[in-house]
Amino acid sequence: MTTNRRGWSAGGRQRRAIALLGLPAILALSLTACGDSDSTQTAAAAGGGDGGSCKADAPVLTLAAYSNPYDAYGKLTSTFAADYKEKTDKTLIFSMSFGGSTTQATNIVNGFPADVYASSLVPDVELVQNAGLITNDWQAAQDKSIVATSVVGFMVRPGSDIKDWADLVKPGVEILTPDPAQSGGAKWNIVAAYGAVMRGEVAGYDATPAGAEKYLTDLFKNVTVLDKSANDSFKNFESGNGDVALTYENQALAGIAAGSEDKFVIPPSTVSIETPTVVVDKNAADHCVEDLANQFVKYLHTPDAQEVFQTIGYQRPIDVAKAAKGNGSDYPPIKDLFTTDDVGGWEELASKTVFGPDGAFTKAFKAAQG
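Adding 22 to a residue's 1-based position in the sequence shown gives its number in the numbering used here.
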């Protein structure tokens, strides 16, 4: 199934301009209801994470996020800050950083003062949690802290005959995907491929760990570029490199809305991407913004915030069965939409079956690299 919709949402030109910014990028915004000319400050002037955010007149909330939802969080933080201004007559400053999900997790562990972490996947949140910076039971929170979902698919050139996972391993196909050492999106791409094989949905490969390893080996023999983030990989493809980019549905739809002539293909079997956003409560408490951070994360689950996510392509419901059915217009049905739980769960995938020392991808990548 392919997607190439024009005028899918407003703001395409703005997205194109934002997409040209290098990532990871750090944006410091003083967001008010009126957006007056004195509202912009630097993170350093506002106090950043060194205690300046404890100032009663201008609290600072620092957000570290994976690369894809920069447009959504720009709108969400602006709306939240405007509402805060209206209720308290105080200016709320958001300092935001965007980059590869795993890179962001590593940065937080190494001292980046994030109060809220918008991650691409559960294992990256656990990196921060294992460092003692997240103490709240985030998986017991609303929707297990998942604020948006998407699916893995293929961005292809006009006229391409690529439709399924088996098409990606044909000789001469040039594939772009991010670096799994830095990008959560890269890990989702790998899990999607692994799961499709294990569920018997990839022609020519046995639905066994050995079959999945063989497929991943063949796949990565065709990978020509490993960019540092999903956003960078997508931009690289849109600049004319490669035949196909493994990417999020929401990333593809935003690109199409911004004027891309390329097509988005969803294979018959793929994974439901589930992205958690959590409070880094050790940092938030140190910065005197724990209550604000919790309020912001709670806000992300509201209908108003969910509508913002939908405007940039996160259109599928969090409920997987509903997401697989599609709605006949905005997002098509998917024959076999599975979750990480259906293929062993993130703990097994991350430490053993896929990314562990003897995992399918670990061995496949070594073999593909010769």
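Glycine residues also receive a C-beta, built at the ideal position from the N, C-alpha and C atoms.
Three-state class that DSSP yields for residue i in the structure shown
i, result
"residue 324", "coil"
"residue 167", "helix"
"residue 190", "helix"
"residue 246", "strand"
"residue 261", "coil"
"residue 268", "strand"
"residue 88", "strand"
"residue 139", "strand"
"residue 359", "strand"
"residue 185", "coil"
"residue 121", "strand"
"residue 277", "helix"
"residue 233", "helix"
"residue 225", "coil"
"residue 213", "helix"
"residue 337", "coil"
"residue 153", "coil"
"residue 282", "coil"
"residue 332", "helix"
"residue 350", "coil"
"residue 376", "coil"
"residue 105", "helix"
"residue 317", "helix"
"residue 342", "helix"
Buried or exposed by the 16-neighbour rule on C-beta atoms within 10 Å, applied to residue i
i, result
"residue 261", "exposed"
"residue 142", "buried"
"residue 329", "exposed"
"residue 108", "exposed"
"residue 255", "buried"
"residue 103", "buried"
"residue 431", "No statement about residue 431 is possible, as the shown extent of the chain runs from 23 to 392 and does not include it."
"residue 79", "exposed"
"residue 152", "exposed"
"residue 62", "The predicted model places residue 62 with a pLDDT of 27, which falls under 50 and marks its position as unreliable; any figure quoted below should be read in that light. Per the 10 Å Cβ criterion, exposed."
"residue 205", "buried"
"residue 285", "buried"
"residue 297", "buried"
"residue 193", "exposed"
"residue 124", "buried"
"residue 344", "exposed"
"residue 363", "exposed"
"residue 132", "exposed"
"residue 386", "buried"
"residue 162", "exposed"
"residue 325", "exposed"
Cβ shell of residue i (< 8 angstroms), same chain only, five flanking positions each side left out
i, result
"residue 184", "176, 178, 190, 195, 265, 266 and 287"
"residue 112", "78, 79, 80, 81 and 106"
"residue 138", "83, 84, 85, 86, 299, 300, 301, 302, 306, 315, 318 and 319"
"residue 203", "124"
"residue 210", "142, 143, 174, 270, 293 and 295"
Other residues of its chain near residue i: CB distance less than 7 angstroms, five sequence neighbours each side excluded
i, result
"residue 272", "90, 172, 334, 335 and 336"
"residue 57", "Low per-residue confidence applies at residue 57: pLDDT is 30, beneath 50, and the placement is therefore not dependable enough to give any value."
"residue 355", "346, 347 and 348"
"residue 342", "294, 359 and 361"
"residue 224", "187, 188, 218 and 237"
"residue 352", "337"
"residue 181", "none"
"residue 303", "156, 157, 158 and 312"
"residue 59", "Its pLDDT being 27, under 50, residue 59 is placed unreliably by the model, and the measurement read from it follows with that caveat. Cβ within range, chain order: n/a, list empty."
"residue 214", "174, 292 and 293"
"residue 146", "123, 124, 127 and 206"
Beta-carbon contacts of residue i that lie in its chain and below 6 angstroms, excluding the five residues immediately before and after
i, result
"residue 375", "366 and 381"
"residue 248", "201"
"residue 378", "none"
"residue 97", "330"
"residue 169", "299 and 322"
"residue 166", "none"
"residue 160", "167 and 300"
Identity of the residues DSSP links to residue i by a beta bridge
i, result
"residue 172", "295"
"residue 240", "Answer is none; residue 240 lacks a bridge partner."
"residue 195", "BP columns for residue 195 are empty, so no partner."
"residue 220", "None; residue 220 has no bridge partner."
"residue 200", "249"
"residue 300", "139"
Report yes or no: do the region 299-317 and the region 236-248 share at least 3 C-beta pairs separated by less than 8 angstroms?
-> no
Are the region 272-285 and the region 230-237 touching by the rule of at least three beta carbon pairs closer than 8 angstroms?
-> no
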